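K.L.:
The following block contains the structure, expressed as C-alpha cells.
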C-alpha cells in the first residue's frame, strides 16, 4: 500500500475518502472508521523496555576462561559474563581461577555489609572509600561469604536469561550501568557489583533490597571502585 501523502489524517484526494465524503460522511467519521479497521498509516511508537528486576558493546569470555583455567592477563578482552538476572557482555578481563585468587597478594579487599547496605574498599585496615548500595531482595538475596573479583567488564550488556534477548542500551544508561565486577559464579549465573542507570538511582540512594542478588552502585561510585581493584581482589559479604 502506498503511503498516505497527507500523513496521519484523512486525505480528501484519496479515492476512498472522496467516495466517503460524497456519501455525506464527515472527515472525523472517516478517520474513526479507518482506525477501527486498521487502515491508514500507523504511528511507530516504541514502548519503553521493561525494567529488569536488577539487573544488552560487544559480542559475547568468562565461561571459556573458566573452562580452560587460563590465568588473568590484565588485558581487556571481549566476553560474556552470565549474571544473576541476565548476562553482561562487553569488554572483559578474563575470569580468575580459584588458584589465582588464592595467590592474590594485595592488601586491598572489598567489604559488603548487607545490613548497613554499604560497600567499602579497605586497604590494610584503612577505609579508602565507602558507598551506599542496593542489594538482593529477600526472595533472591545477595549471597554471603568470602569471594573474589572474577572479572571486570566495561560497558556490560544486559541479556535476559529467560528470552536470550540483548538490551541494546549499554553504557551509563544501560540496565547494568557502565561497569561490572563479577564476584561469584553458580552453575548458570554470576553475581556482580555493577552500576545503575539514572532512572533507577533512587534504589541505591534509598539502599533498597530490590535486585536478583547483584549489588547496585551509583555510576560515579562504581567507577571509583572499579579503577582501584584488580581481578582477584577479595570480596567479603556479611549479613
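In my numbering, the protein residues as written are 7 to 245.
Glycine included, C-beta positions come from ideal geometry on N, C-alpha and C.
Fair warning: this is a prediction, and the values are worked out from it, not measured in the lab.
#1: Near residue 183, which residues of its chain fall below 7 Å by C-beta distance, leaving aside the five closest residues on each side in sequence?
#2: Looking at residue 139 and residue 152, is the spacing between their C-beta atoms short of 8 Å?
#3: By how many angstroms is the C-alpha of residue 135 removed from the C-alpha of residue 166?
#4: In this structure, how does DSSP classify residue 215 when only helix, strand and coil are distinguished?
#5: Under 8 Å, do residue 114 and residue 242 count as touching if we go by C-beta distance?
#6: Roughly how many angstroms lie between the CA atoms of residue 198 and residue 131, to the nearest whole one?
#7: Whole angstroms are fine: how far does the CA of residue 181 sit from the CA of residue 234?
#8: I'd like the ranges of any alpha helix (DSSP H) spanning at least 4 consecutive residues and lying wholly in the region 160-194.
#9: Can you grab the Cα-Cα spacing for the pair residue 143 / residue 160, in whole Å?
#10: Where does residue 240 land, buried or exposed, given buried means 16+ other C-beta within 10 angstroms?
P.N.:
Reading off the structure:
#1: Residue 183 sits at position 177 when you count from the first residue of the chain shown. The beta carbon of residue 183 sits closer than 7 Å to the beta carbons of 200, 201, 202, 203, 225, 228 from its chain, once the five residues preceding and following it are set aside; these are given in chain order.
#2: Locating residue 152 in the chain shown gives position 146, where the first residue counts as 1. Locating residue 139 in the chain shown gives position 133, where the first residue counts as 1. No.
#3: Residue mapping note: residue 166 aligns to position 160 of the chain shown, counting from 1. Residue mapping note: residue 135 aligns to position 129 of the chain shown, counting from 1. Near 32 Å, if we compare the C-alpha coordinates of residue 135 and residue 166.
#4: Mapped onto the chain shown, residue 215 falls at position 209. Of the three classes helix, strand and coil, the one that applies to residue 215 here is strand, per DSSP.
#5: As a working note, residue 114 is residue 108 in the chain shown. As a working note, residue 242 is residue 236 in the chain shown. Against a cut-off of 8 Å, the Cβ pair of residue 242 and residue 114 comes out as no contact.
#6: What you label residue 198 is simply residue 192 of the chain shown in a count that begins at 1. What you label residue 131 is simply residue 125 of the chain shown in a count that begins at 1. Counting only the Cα atoms, residue 131 lies some 24 Å from residue 198.
#7: For the purposes of this step, residue 234 is taken as residue 228 along the chain shown, with counting starting at 1. For the purposes of this step, residue 181 is taken as residue 175 along the chain shown, with counting starting at 1. The alpha-carbon atoms of residue 234 and residue 181 are separated by roughly 23 Å.
#8: Fully enclosed alpha helix (DSSP H) runs of 4 or longer: not present.
#9: Numbered from its first residue, the chain shown carries residue 143 at position 137. Numbered from its first residue, the chain shown carries residue 160 at position 154. Residue 143 and residue 160: Cα-Cα distance of roughly 25 Å.
#10: Sequence index remark: in the chain shown, residue 240 carries index 234 (1-based). Residue 240 is buried by the Cβ-count criterion.
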